[in-house]
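Right, here's the structure in full:
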């Protein structure tokens, strides 16, 4: 493998739960440290993983901010808090007395590329559900362009912020993006309109869902733990949410949320934190789900649903309301 | 007197700043600051109750399952549900695996790299420690990271991903487990047992679990020096970590798969009774009274005089309590921990906290194996029921780093209040109305500071020995 020239990476945690780091630490099979090495990345500092602490860590941050040390990649995990009243005092970078928001702004100016790790850093996400916090993403506030950094922000290498959305994102979304970045393969055209790398955001979470047969026949689960499709009743947004979740191995098993029995909440989408109705119930008008699959005309959805429901095999209908297969597929009798 | 501020304090989960007053080479007083406010309790209010299953786990990326478990338990009480045995087993597996993974992360990635620092050059164990535990490089750290990733396959299989899932439901779990999956679970656990027996302990887990006091621990070190556990114990003995970082000597545990909960105070084990729990706001940037979490409020006030942390200060009957693996094993009464505590005066130490955590690794694996083996092929995994218009629930669990409680009330069918007391809220709490320090503040007093140390090493050992999670603290 050809190793590209070394690039430096600094990682800071804004208002975060630390889950994006924890997810990345589960990268397999090579592991996070080795994946970074293969990408030619020198980790300047990471709040959970580096040796330096206190004054030693601060010296690294100050050198980057002052331009004394080259900063190629700036990874920010967590939303940026601008409250109370625009002061940013809800998060002071410890040891500095200065708001994290100011540090991130200053470092972003120096960075070759800025990477938002996770939906909080990309769009604000869960913290932005508390208006008091005045939480924003790096270059978006929910769906709206412009966050801590303006809509027109471009880092030294000419790219907007790269949004590795997800709560928490799959380790591969981050590490493959970083590898592509250090190989010079990430261009603005490789990002979608919300800044997400298209190599994973061109898919829907629905793709590869093991419940697909139930989806096709609109054989729906009524409660969690049942095998049926989760879209009609239980709030599943997999037919709308970008992500190759269900065509990847996630913590050693195929697929993520829906294969584990619960609804996709669309965690790669801006605004997922406040869906406007209960997360785990599908809002309906006249019995028809409000959130239809993307690209699907409503009339067709209604017509096809009615048709598939009328054609649902008994096996699929009965299994959809059980927590395990009670009616196995029948063998076709030899003719 | 010299004043020092240590921050950013890294290799802890989340944001931490520690201010020290140093007199004659020792810490005279410490102030522990949580410099981030996240406002999750406010996010939860007015939402449909089951939304808490989505919101609350996102308080923490390292205790995500523990947060899920406390949420599901509180909702389960509020909805009046009982969890079928298979569902309970899977829920306990998820929490036990997260706790084991967190113990390992703490030991290999957060705690041990400090002994690989250049300041320890010249110690007989230093070059070996650099090879094994240097941050991002050590061979033992890499093996632990790989073993942790493999162990998390249990969560991948049962919950789809880690962190942040909806696998834990008020009535059980969202997915049943079939025969093949049961076999895969046993296989993952066999890999983890092999890692622990080959690398961590260089001994069968049962031999570790049978350690019954300081003398047996000393004998163990002599025979198993290849293992990371004995390697740590050798360093601990050389540096006197058994004398560093004594806490309040009062312990709290909620109870869980490893054993009973309770309260340890004045040399006595008392039943778990949290009616005397209050969250003291004297030193917190918060308004409101010092209330029980069932009646508590969260109102931020960044300008409050005399305050120095976003953490509240939980007190039980007016007293600070230490929580975590050491507290759990003291309350369960494991002979090794009982013996170590009695040897050192009962208030614990850096060594004791780390030993308790690694002991729990040895204890958790057999518990997990039994949980898998006890699944019944025909049993249910989940029950369900409607959300009442008015109700109340409390969920008490043990996260890796200690006791976690959720208190919620439902009115008019939505969440009317939601209060969380996290493990590190206990351990890293600021001073209360009586001026009493939190457990870490107390443990830091008396810690040596060598001349010229920018970031005193002993202070780092004491702080990290608690395995703090600041993300949870400032929920």
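Protein chains in written order, with the numbering used here: chain A, 367 to 701; chain B, 12 to 486.
Backbone N, C-alpha and C define an ideal beta-carbon position, used for all residues, glycine too.
Asked                                                                                                                              : Found
Contact set between residue 413 (chain A) and chain B, taken where Cβ atoms lie within less than 7 Å                               : 19 and 21
Collapsed DSSP secondary structure at residue 472 (chain B) in the structure displayed                                             : helix
Other residues of its chain near residue 44 (chain B): CB distance less than 6 Å, five sequence neighbours each side excluded      : 28, 319 and 320
Cutoff 8 Å: residue 386 (chain A) Cβ touching any chain B Cβ                                                                       : yes
Under the three-state DSSP convention, the category residue 340 (chain B) falls into                                               : helix
Residue-chain proximity (residue 570 (chain A), chain B), Cβ-Cβ < 8 Å                                                              : no
Residue 690 (chain A) at chain B interface by Cβ criterion, 8 Å                                                                    : yes
Environment of residue 670 (chain A) [buried if 16+ CB atoms lie within 10 Å]                                                      : exposed
Run of the beta strand (DSSP E) containing residue 429 (chain B), from where it starts to where it stops                           : 425-432
Pair within 8 Å by beta-carbon distance, residue 609 (chain A) and residue 167 (chain B)                                           : no
Short Cβ contact (8 Å threshold) for residue 272 (chain B) with residue 278 (chain B)                                              : no
Closer than 8 Å to chain A by CB, residue 422 (chain B)                                                                            : no
Spatially closest choice to residue 196 (chain B) from B:390, B:56 and B:101, by CA coordinates                                    : B:101
Validate contact between the stretch 192-206 of chain B and the stretch 119-135 of chain B using beta carbons, cut 8 Å, 3 pairs    : no
Member of B:275, B:245, B:36 and B:386 whose CA lies at the smallest distance from the CA of residue 362 (chain B)                 : B:245
Residues that residue 563 (chain A) bridges to, as DSSP identifies them                                                            : A:557
Chain A contact residues for residue 471 (chain B), given Cβ-Cβ distances below 9 Å                                                : 419 and 420
Burial state of residue 333 (chain B) (16 or more Cβ within 10 Å)                                                                  : buried
Residue from A:614, A:666 and A:530 with nearest C-alpha to residue 543 (chain A)                                                  : A:530
Near-chain B residues of the stretch 531-564 of chain A - C-beta to any C-beta below 7 Å                                           : 533 and 534
In DSSP terms, what residue 577 (chain A) is bridged to                                                                            : Partner(s): none; residue 577 (chain A) has no beta bridge.
Endpoints, alpha helix (DSSP H) assigned at residue 466 (chain A)                                                                  : 466-476
CB contact check: residue 43 (chain B) to chain A, cutoff 8 Å                                                                      : no
Any C-beta of chain B under 8 Å from that of residue 467 (chain A)                                                                 : no
Residue from A:459, A:399, A:454 and A:453 whose Cα sits closest to the Cα of residue 428 (chain A)                                : A:459
Min CB distance residue 566 (chain A) to chain B below 8 Å                                                                         : no
Under 9 Å by beta carbon: chain B residues contacting residue 645 (chain A)                                                        : 58, 59, 61, 62, 64, 65, 66 and 177
Contact set between residue 482 (chain B) and chain D, taken where Cβ atoms lie within less than 8 Å                               : Among the protein chains in the structure shown, which are A and B, there is no chain D.
Nonlocal neighbours in the same chain, by C-beta distance under 7 Å from residue 631 (chain A), ignoring five residues either side : 603, 638 and 645
Test: residue 685 (chain A) CB closer than 8 Å to a CB of chain B                                                                  : no
Uninterrupted beta strand (DSSP E) stretches inside the stretch 231-267 of chain B (no shorter than 3 residues)                    : 262-264
Three-state secondary structure assigned by DSSP to residue 409 (chain A)                                                          : strand
Burial state of residue 666 (chain A), where buried means 16 or more other Cβ atoms lie within 10 Å                                : exposed
Beta-carbon separation (whole angstroms), residue 258 (chain B) vs residue 453 (chain B), contact threshold 8 Å                    : 6 Å
Beta-bridge pairing of residue 405 (chain B) - partner residues as DSSP gives them                                                 : B:418
Member of A:378, A:487 and A:407 whose CA lies at the smallest distance from the CA of residue 414 (chain A)                       : A:378
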